[in-house]
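Worksheet: the structure to be examined is printed underneath.
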């Protein structure tokens, strides 16, 4: 995008004259502009110094460029069709109305001469630009062009020979930038770039489910991968070995970190980008989806001075989000909190965070041994992977530290069996473990298209969970807001195992995981299946989603205890409306 010298010169002075910034803030913004290469108005917005509305006013008053509120417009389809979707998205532009040979276009950057010229060439009309807010542009792109379901950056008539000779030029750069932007707008957690026989596919994982969004000629794949490697500071020439890296992008008012993993396949390198949106990085504990009883239990556990708390579940089940929410809750100036992570995904104030680096010998076990000499009150270990790190973590929790970590097990009781498998002494487990949280993420039904649905009796019986019989079940019909999936966002279902005297005795007596589950149920704990069905009974998710996410091999354990509830009541009472 272009930016005139006039704007660079006038914006800062105008903001000073209007009393919206002081000289120190302007100096800070100019330094950040030199460092980042961003436009000055974007720097002000990024630093939170100036509200976007003031920037819009600058365009109106100083540059005499009209400002529009896009929500006030209902643009005709024939006007929208004048500007192809690819161009509208590339330049963040919305055509509004035509008067004879003149087309008025709302733009995020009305000084973008290249964009104005391309729109003029495409339409054959004179372009009158006006300015609109970023949120307004984004909402209008979705409204008039739909949620981006495909990436069409490369011309369809481009020959394979031309693509094969392509260097990392503007077209490739635009493709990667658009791909990331679209993923962020769609709330994707991962971007998959997959070489296949004759084609390169791009898929997004949204709410835990993969969906294809683009298909391009296979010949463009090396150029796309090379661009990502350059951004991630990876070895472009190395295509035979896996590589890991990361890079950072600024998209509108959002700071996006992308964790990159490459892996060789028979058709070329498979690339997966984990999208880490700092705007949605750390949630409050109360926003994770705990029902009141679960929230009370978690608060009680995490405010104990010493002991071990484990969070379990498969990759992508939200374990890191839960742990960061816990740290945010207990993070106070009078606590020394230190972490060992692989990788460090989000930076937390006051917390001393360390990245594990096995290549130089900084493993979880070695780092944990050194960490206990740093006088910590709370230690977060990203994952317990082996006997050594498990034993050090357990012993640290017995010497006055609160230790938080994760394990890959199917349920809470399985965490105890996993520690035993790692040859951790049962006495140490029983003495140190405060509780285990097992979790799964279920897709949340879209509020815009939610509707009641009849669930067959056979399906409900197959849940092996006792129901009241008067529940109302829901599904999502599918709409524009949820990309016709019926779901938008996710909410967590939890199984919380709080260690009591009976459970500690069971561990010492070498009871099986099944027996430990039975003891926990008698104390009022719910299984993951029961917790997920409770979310469905509250209208947050669907029975179909419950069956997709919860493991069928848990049914036997659920069946033996499904009639046992708190104070003799049914296990399933709908949880209140919660947000992840």
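Residue numbers (the working numbering): 150 to 729. We put the beta carbon where it would ideally sit given N, CA and C, even for glycine. Here the structure is a predicted model, which is why all the values come from computation and not from measurement.
- If you drop the 5 nearest sequence neighbours on each side, which residues of the same chain put their C-beta closer than 7 Å to that of residue 159? 211
- Task: Take residue 584 as the anchor and find which of 494, 689, 479 and 456 has the nearest alpha-carbon.
- Result: 456
- Same chain, Cβ closer than 8 Å to residue 374, five either side skipped, listed in chain order: 342, 411, 417, 418 and 420
- Taking C-beta to C-beta, are residue 462 and residue 489 nearer than 8 Å? no
- Task: Let me know if residue 255 comes out buried or exposed under the rule of 16 or more other beta-carbons within 10 Å of its beta-carbon.
- Result: buried
- Could you tell me whether the stretch 528-548 touches the stretch 558-573, where touching means 3 or more Cβ pairs closer than 8 Å? yes
- Message: Tell me the rounded alpha-carbon separation between residue 170 and residue 621.
- Response: 54 Å
- Do you know offhand how far residue 501's Cα is from residue 329's? 30 Å
- Query: Considering only C-alpha positions, which residue in the set 263, 264, 290 and 257 is nearest to residue 282?
  - Reply: 257
- Query: Nearest-angstrom Cα distance between residue 278 and residue 590?
  - Reply: 44 Å
- Out of 239, 580, 518 and 449, which has the shortest C-alpha to C-alpha gap to residue 645? 449
- Query: Among 243, 322, 275 and 269, which one has its Cα closest to the Cα of residue 284?
  - Reply: 243
- In terms of residues, what are the limits of the alpha helix (DSSP H) holding residue 410? Where residue 410 is concerned, there is no enclosing alpha helix (DSSP H), although the beta strand (DSSP E) it sits in stretches over 403-414.
- In angstroms, rounded to a whole number, what distance separates the CA positions of residue 529 and residue 318? 43 Å
- Task: Starting from the Cα of residue 504, find the closest Cα among 446, 190, 491 and 357 and give me that residue.
- Result: 491
- Message: Taking the beta strand (DSSP E) that residue 625 belongs to, which residues open and close that run?
- Response: 622-625
- Message: Using DSSP's beta-bridge definition, name the partner residues of residue 489.
- Response: 503 and 530
- For the beta strand (DSSP E) containing residue 364, list its first residue and its last residue. 358-366
- If we count the other Cβ atoms within 10 Å of its Cβ and call it buried at 16 or more, is residue 662 buried or exposed? buried
- Item | Reference residue 213, options 205, 593 and 220, closest by Cα | 205
- Message: Ignoring anything shorter than 4 residues, give me the alpha helix (DSSP H) runs that lie fully in the stretch 578-648, in order along the chain.
- Response: 606-611
- Report all residues from its chain with a CB closer than 6 Å to the CB of residue 241; omit the five preceding and five following residues, and keep chain order. 257 and 286
- Message: With three or more C-beta pairs closer than 8 Å as the rule, is the stretch 653-669 touching the stretch 629-643?
- Response: no
- Query: Excluding sequence positions up to five away, which residues of its chain have a Cβ less than 7 Å from the Cβ of residue 208?
  - Reply: 214, 216, 259 and 280
- Message: Assuming residue 353 is part of the beta strand (DSSP E), what are its boundary residues?
- Response: 348-355
- Message: Is the beta carbon of residue 407 closer than 8 Å to that of residue 389?
- Response: no
- Message: For residue 162, count the other beta carbons within 10 Å of its own beta carbon; 16 or more makes it buried, fewer makes it exposed. Which is it?
- Response: exposed
- Contacting residues, own chain, Cβ-Cβ under 6 Å from residue 499 (five flanking each side not counted): 480
- Query: Along the chain, where does the beta strand (DSSP E) that runs through residue 694 open and close?
  - Reply: Taken as a continuous stretch (DSSP letters only), residue 694 belongs to no beta strand (DSSP E), being part of the alpha helix (DSSP H) at 692-698.
- Message: Helix, strand or coil, according to DSSP, for residue 211 in the structure here?
- Response: coil
- Following the continuous alpha helix (DSSP H) through residue 327, name the residue where it begins and the one where it ends. 319-334
- Given residue 608 as reference, the closest of 691, 516 and 669 once Cα atoms are compared: 691
- Query: DSSP state of residue 397, grouped into three classes?
  - Reply: strand
- Under the criterion of a Cβ to heavy atom distance below 7 Å, does residue 567 qualify as lining the ligand ATP? For the structure depicted, the ligand ATP is absent and the ligand set is empty, with no information on it obtainable.
- Task: Return helix, strand or coil for residue 456, following the three-state DSSP convention.
- Result: strand
- Query: Using a Cβ-Cβ cut-off of 6 Å (strictly less than) and excluding sequence neighbours within five positions of residue 552, which residues of its own chain qualify?
  - Reply: 457, 528, 542, 545 and 546
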